[in-house]
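Asker: Letter by letter, the first sequence follows residues 0 to 523 of numbering that gives the first Met the number 0. Questions regarding the structure given below will be posed in turn.
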Amino acid sequence: MESRDAVHWADQTALKIIKEHGDKEQYTCASGITPSGTVHIGNFREIISVDLVVRALRALGKKVRFIYSWDDYDVFRKVPVNMPDQETLAKHLRMPITMVPDTFGRDSSYARHHEVDVESILPAVGIKPEFLYQAERYRASTYAEGMRKALEKREVLKGILDKYRDEDHKIQGDYWPISVFCDACDRDTTEIEGWDGEWGVSYSCECGHRETVDLRKAKGVKLSWRVDWPMRWAYEGVDFEPAGKDHHSQGGSFDTSKHVVEDVYGRKPPTTFRYDFIGIKGTPGKMSSSKGKVVDLYDLLRVYTPELARYLFAGTRPNTEFTISFDLDVIKIYEDYDRTERIYWGTEQAKDEETRSRERRIYELSQVDEVPAKMPYQVAFRHLCSLLQINLGDVEKTLAQLPGVEEHQLDRLRVRAKCAWTWITESAPDEFRWALREDGSAIEANEEERAALVELRETVRAGGLDEQALGTKIFDIAKAHGLEPKDFFKVTYRALIDRDRGPRLAGFILEVGAERIVKILSAY
RNA sequence: GGGCCGCUAGCUCAGUCGGUAGAGCAACGCCCUUUUAAGGCGUGGGUACCGGGUUCGAAUCCCGGGCGGCUCACCA
Numbered sequence: 000m001e002s003r004d005a006v007h008w009a010d011q012t013a014l015k016i017i018k019e020h021g022d023k024e025q026y027t028c029a030s031g032i033t034p035s036g037t038v039h040i041g042n043f044r045e046i047i048s049v050d051l052v053v054r055a056l057r058a059l060g061k062k063v064r065f066i067y068s069w070d071d072y073d074v075f076r077k078v079p080v081n082m083p084d085q086e087t088l089a090k091h092l093r094m095p096i097t098m099v100p101d102t103f104g105r106d107s108s109y110a111r112h113h114e115v116d117v118e119s120i121l122p123a124v125g126i127k128p129e130f131l132y133q134a135e136r137y138r139a140s141t142y143a144e145g146m147r148k149a150l151e152k153r154e155v156l157k158g159i160l161d162k163y164r165d166e167d168h169k170i171q172g173d174y175w176p177i178s179v180f181c182d183a184c185d186r187d188t189t190e191i192e193g194w195d196g197e198w199g200v201s202y203s204c205e206c207g208h209r210e211t212v213d214l215r216k217a218k219g220v221k222l223s224w225r226v227d228w229p230m231r232w233a234y235e236g237v238d239f240e241p242a243g244k245d246h247h248s249q250g251g252s253f254d255t256s257k258h259v260v261e262d263v264y265g266r267k268p269p270t271t272f273r274y275d276f277i278g279i280k281g282t283p284g285k286m287s288s289s290k291g292k293v294v295d296l297y298d299l300l301r302v303y304t305p306e307l308a309r310y311l312f313a314g315t316r317p318n319t320e321f322t323i324s325f326d327l328d329v330i331k332i333y334e335d336y337d338r339t340e341r342i343y344w345g346t347e348q349a350k351d352e353e354t355r356s357r358e359r360r361i362y363e364l365s366q367v368d369e370v371p372a373k374m375p376y377q378v379a380f381r382h383l384c385s386l387l388q389i390n391l392g393d394v395e396k397t398l399a400q401l402p403g404v405e406e407h408q409l410d411r412l413r414v415r416a417k418c419a420w421t422w423i424t425e426s427a428p429d430e431f432r433w434a435l436r437e438d439g440s441a442i443e444a445n446e447e448e449r450a451a452l453v454e455l456r457e458t459v460r461a462g463g464l465d466e467q468a469l470g471t472k473i474f475d476i477a478k479a480h481g482l483e484p485k486d487f488f489k490v491t492y493r494a495l496i497d498r499d500r501g502p503r504l505a506g507f508i509l510e511v512g513a514e515r516i517v518k519i520l521s522a523y
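So, in structure tokens, the structure goes:
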């Protein structure tokens, strides 16, 4: 941060954390999710929000422990429609997701599959948390003390939970803050029978199994969600954790957890904020998204470079809803980012000082690692799309055509070009997509039109004209053959790219190169 | 029933220590003879949902109301 005033929400949050939890050497920031299905882009908002705050704290010279909890000891309660082998999955309902098989056949379990997906892509956007696996921890009885504490204070817990329930929904009968996966059948179809006041818990299962287990050795006992969360806050000493709006509501899980961590575990609740959901506009890829297709970080990174992906989130306040677009808006997002980049590097003036420092900060936070030593090469996304189509998607060839590219700028350009090509071929509106007519075919044209095309061909063959001169010449040709310029343009675009309109013609012809243009127009 | 969020230009929205209302798109105009726009430059355009209050001053803070949306109370 260059300015003392926190202009960015992540910096403001960092200051708030320090204010609420005191000036410490190290802070713990947490995020987490249940890998019960594809971890989609909405889930990603939480982790990147934490990452941005973590970076803000570090910018203030603080050490930060960034933990990401995989809640893989949660129950598998329904089969998502986008998963293969639905029958096999259905057979494992009510078991912990860590015991459900990976029906893709790739990883050791259903949960692990989704974890691996996320863990392998996060470094690409510069996010490197410490992963915690709750199944492993519960099975190792890591939380025995926490569970016993909950049992001891179960009346307090009951009171907290009941506070927000109406008369019809108050907890009936015995309340147990724990649930058990049966040791015989692995399902949570169990009922707590009793607790001996110390470590012993008895349960019975629908499968007929019943036993008394010791919390210090049992692997199937876990806390219910609204107690589990605050217990872990206390266990890890969490200073900051945001939550989605489904949790952040009076009587919601964050709210009750706040009371639980204070009244039962004697710890101050973490600083937090609420993040909104995000929407999707356009289609990220060819697949029709009817069958439970969800957009994830992989989809995002096929169209947006890592910096752009971060930029989407860094540039938007967490508590506002926004949509991630795969349609025409993509161009605008790239343009916005490029402008932010120019402001950072001082090649464009910001409207005022405040805008400048905010844009600079957003730019910093959008980088995967450090801000590069020199300014990256800028090529407008739109123009890049044109060039790629001229070169049939050949990235290296396209980059070689860009004037003045330096070695250190190539990597980013390459990534951008790949994204542009994916966008053009899979997400862009049809009007944006074209290919040069290089199969030797000719369009139907009358005498005058053919003659004009031939003259254009010879003009191009002769060469020696710059864009402006060629542009003027095109009009001359049209006139000389008694054609309205408008109609001649149309005919030319038809001949070249089989569309009624296209990129600004003169420049386009020069970019394609005389040789290819002449070849295409040799059909007349 | 509780809680939260939003209501600013035709559209999408920015603008949270209160200080002359902004951007993009759309529209319109011009681009050195004629110009296809996926180019350049420029212009116009707002009763800030309504009503009160605080203030020298309110889009911004407070109260009341309206409309739209979300969320919780069952599970995570």
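All C-beta atoms in this analysis are idealised placements derived from N, C-alpha and C, irrespective of residue type, glycine included. All values derive from a computational prediction rather than experimental measurement.
#1: With DSSP run on the structure shown, which of helix, strand or coil describes L509?
#2: So, does the segment 105-112 touch the segment 152-163, judging by three or more C-beta pairs under 8 Å?
#3: As a quick exercise: from E358, R309, R273, pick the residue whose alpha carbon is nearest that of T319.
#4: Would you say I66 and E129 are within 7 Å of each other, going by their C-beta atoms?
#5: For T322, I'd like the list of residues in its chain whose CB is within less than 7 Å of its CB, leaving aside the five on either flank, ordered along the chain.
#6: Is F325 helix, strand or coil when you go by DSSP?
#7: For a test of the three-state rule: what should DSSP assign to H525, helix, strand or coil?
#8: In chain order, what residues of the same chain lie with their CB nearer than 8 Å to the CB of R147, ignoring the 5 residues before and after it?
#9: Check whether the segment 257-270 touches the segment 230-237, taking contact to mean three or more Cβ pairs, one atom from each stretch, closer than 8 Å.
#10: Can you say whether L150 is buried or exposed, counting buried as having 16 or more other CB atoms within 10 angstroms of its CB?
#11: In whole angstroms, what is the alpha-carbon distance linking I16 and R57?
#12: Taking DSSP's pairing of strands, which residues face F130 in a bridge?
#13: On a Cα-Cα basis, can you pick out the residue from D185, V74, H39, C28 that is closest to V52?
#14: Assuming Y498 and W433 are in contact, meaning their beta carbons sit under 8 Å apart, how far apart are those beta carbons, in whole angstroms?
#15: Checking the sheet assignment: what are the DSSP bridge partners for V74?
#16: Quick one: give me the first and last residue of the beta strand (DSSP E) that Y26 is part of.
#17: Can you tell me which of the three DSSP states E210 falls into?
#18: What three-state label does DSSP hand I519 in the structure shown?
#19: Going by DSSP, name the residue or residues bridged to F239.
#20: Please state if the CB of W69 and the CB of P34 are separated by a distance shorter than 7 Å.
#21: Buried or exposed: T346, going by 16 or more other Cβ atoms within 10 Å of its Cβ?
#22: Could you check what DSSP says for C181 in three-state terms: helix, strand or coil?
#23: Let me know if F487 comes out buried or exposed under the rule of 16 or more other beta-carbons within 10 Å of its beta-carbon.
#24: Between I40 and D295, how many whole angstroms is the CB-CB distance? I'm expecting something under 8 Å.
#25: Just grab the DSSP bridge partners of T189 for me.
#26: For the segment 498-509 against the segment 436-451, are there 3 or more C-beta pairs whose distance is under 8 Å?
#27: Would you identify the three-state DSSP class for L577, choosing helix, strand or coil?
#28: Can you check whether the CB of Y26 is closer than 7 Å to the CB of V63?
#29: Counting only the same chain and skipping the five closest in sequence on each side, list residues whose C-beta sits under 7 Å from that of K285.
#30: In whole angstroms, give me the CA-to-CA distance for V559 and Y336.
#31: Using C-beta distances below 6 Å, list every residue in its chain close to R301, excluding the 5 sequence neighbours before and after it, in chain order.
#32: Hey, how far is the Cα of D167 from the Cα of D10?
#33: Mapping the DSSP letters down to three states, classify W224 as helix, strand or coil.
#34: Looking only at its chain, what residues have a beta carbon closer than 6 Å to the beta carbon of P375, apart from the 5 residues adjacent to it on each side?
#35: In the DSSP output, what is A279 paired with across the bridge?
Answerer: Reading off the structure:
#1: Translated into positions along the first sequence, residue 509 becomes position 510. In the structure shown, L509 sits in a helix (DSSP, three-state: H, G or I).
#2: no
#3: Locating residue 319 in the first sequence gives position 320, counting from the first residue. Per the Cα distances, R273.
#4: Taking the first residue of the first sequence as 1, we reach residue 66 at position 67. Taking the first residue of the first sequence as 1, we reach residue 129 at position 130. Going by C-beta atoms, I66 is nearer than 7 Å to E129.
#5: The count along the first sequence starts at 1 and reaches residue 322 at position 323. Around T322: I277, G278, I279, K280.
#6: One-based indexing of the first sequence puts residue 325 at position 326. In this structure, F325 counts as coil in the three-state DSSP scheme.
#7: The question about residue 525 has no answer here: the residues shown for the chain are numbered 0 through 523.
#8: Position 148 of the first sequence, counted from the start, is the residue given in the question as residue 147. Excluding sequence neighbours, R147 sits near E197, W198, L214.
#9: yes
#10: Numbered from 1 along the first sequence, position 151 holds the residue referred to as residue 150. With 16 or more other Cβ atoms within 10 Å, it is buried.
#11: Sequence index remark: in the first sequence, residue 16 carries index 17 (1-based). Sequence index remark: in the first sequence, residue 57 carries index 58 (1-based). So the two alpha carbons sit approximately 12 Å from each other.
#12: The sequence position of residue 130 within the first sequence is 131, counting from 1. The partner list for F130 (beta bridge, DSSP) reads Y67.
#13: Along the first sequence, read from residue 1 onward, the residue named residue 52 stands at position 53. For the residues D185, V74, H39, C28, the minimum Cα distance to V52 belongs to C28.
#14: Taking the first sequence and counting its residues from 1, one reaches residue 498 at position 499. Taking the first sequence and counting its residues from 1, one reaches residue 433 at position 434. The question names Tyr, but residue 498 in the sequence shown is Arg. Yes, they are in contact, since the Cβ atoms of R498 and W433 sit about 5 Å apart, within 8 Å.
#15: As a working mapping, residue 74 is identified with position 75 in the first sequence. The partner list for V74 (beta bridge, DSSP) reads P95.
#16: Sequence index remark: in the first sequence, residue 26 carries index 27 (1-based). Run containing Y26: 25-32, per the beta strand (DSSP E) assignment.
#17: Here residue 210 refers to the residue found at position 211 when the first sequence is read from its first residue. Three-state DSSP puts E210 in a strand.
#18: Position 520 of the first sequence, counted from the first residue, corresponds to residue 519. Looking at I519 - three-state DSSP - the assignment turns out to be helix.
#19: Here residue 239 refers to the residue found at position 240 of the first sequence. Note: F239 sits in a beta bridge opposite C28, T270.
#20: As a working mapping, residue 34 is identified with position 35 in the first sequence. As a working mapping, residue 69 is identified with position 70 in the first sequence. Yes, Cβ-Cβ distance for P34 and W69 is below 7 Å.
#21: For the purposes of this step, residue 346 is taken as residue 347 along the first sequence, with counting starting at 1. Burial call: exposed.
#22: Here the question's residue 181 lines up with position 182 in the first sequence. Here C181 sits in coil by DSSP.
#23: Mapped onto the first sequence, residue 487 falls at position 488. F487 should be labelled buried.
#24: Counting from one through the first sequence, the residue named residue 40 turns up at place 41. Counting from one through the first sequence, the residue named residue 295 turns up at place 296. Their Cβ separation, rounded to whole angstroms, is 6 Å, which keeps I40 and D295 in contact under 8 Å.
#25: Residue numbering aside, residue 189 sits at position 190 when the first sequence is read from its first letter. DSSP output for T189 lists C204 as bridge partner(s).
#26: no
#27: Nothing can be reported for residue 577: it is not among the residues displayed for the chain, which extend from 0 to 523.
#28: For the purposes of this step, residue 63 is identified with residue 64 of the first sequence, where counting begins at 1. For the purposes of this step, residue 26 is identified with residue 27 of the first sequence, where counting begins at 1. Contact: yes.
#29: Against the first sequence, residue 285 aligns to sequence position 286. Confidence at K285 is low in this model, with a pLDDT of 45, below 50, so the placement of that residue is unreliable and no value is reported for it.
#30: The structure shown does not extend to residue 559, since the chain spans only 0 to 523, so no value can be given for it.
#31: By one-based count along the first sequence, residue 301 stands at place 302. So the list reads T421, once near-sequence residues are dropped.
#32: As a working note, residue 167 is residue 168 in the first sequence. As a working note, residue 10 is residue 11 in the first sequence. Computed Cα separation, rounded: 44 Å.
#33: Counting from 1 along the first sequence, the entry for residue 224 is found at position 225. In the structure shown, W224 sits in a helix (DSSP, three-state: H, G or I).
#34: To locate residue 375, count along the first sequence from 1; it is residue 376. So the qualifying residues of the chain are Q408, R411.
#35: As a first step, residue 279 is located in the first sequence; it is residue number 280 there, counting from the start. Before going on, a small fix: residue 279 reads as Ile here, not Ala. DSSP lists I323 as partners of I279.
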